[in-house]
Amino acid sequence: RARQEGEAEGPNQQPVPETLRAQLANDECVALRGLNKVFRTATGPKRAVDDLNLTMYCGQVTALLGHNGAGKTTTVAVLTGLLPPSGGVAVVQGRAVGPETRAVRRRLGVCPQHDVLYPALTVREHLALFAACKGVPRAAAAAEVEKLIVEVGLTEKRDFLAKNLSGGQKRKL
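The numbering of the sequence shown is full-length UniProt numbering, which starts it at 1 and goes up by one.
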């Protein structure tokens, strides 16, 4: 019999619980299937991502770990639509990266390795900028920004410049 999506493949793997399999069936997760990214270089093609299959489920934290040059940053760049894949597919909650990148970005949150903050912007200004980048309508953005400031615990820092935040506060932002 053919192996079903989420079933254990070998003795050191565990099957995916039914609740998570339901997310996959209902397009409620992030799925990378056969993802490839090849860069053309002066010395020939360089394969940065090689046939990656990965499912990230809602309600779980996923970290990409690997040595330098393993393709972690390239995978995130493809997933967020910054780079086109050379092959395979990346789907976020039923939306395909590429043709539906704008919709994908509205559903996806990425915490990069380094802070991507502008020292001269306040907490509130950063969140308004990020909302605009995600395509949140301006009329809805102000309320959403205030909600997020409270949610991440930066209420007292909403009008502080990013350069004056602690390292932990910058990560929250």
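Note that CB positions come from ideal geometry on N, CA and C, so glycine has one too.
Here L117 has H126, A162, K170, L173 as same chain residues with Cβ atoms under 7 Å from its own Cβ, once five neighbours each way along the sequence are excluded. Contact annotation: L83 and A90 have beta-carbon atoms that are not nearer than 8 Å. The three-state secondary structure of A31, taken from DSSP, is strand. Excluding its 5 nearest sequence neighbours in each direction, A143 has no C-beta neighbour in its own chain below 8 Å. The closest CA to that of G135, considering only L35, R106, V61, is found on R106. One Cα belongs to V30, the other to L79, and the distance between them is close to 9 Å.
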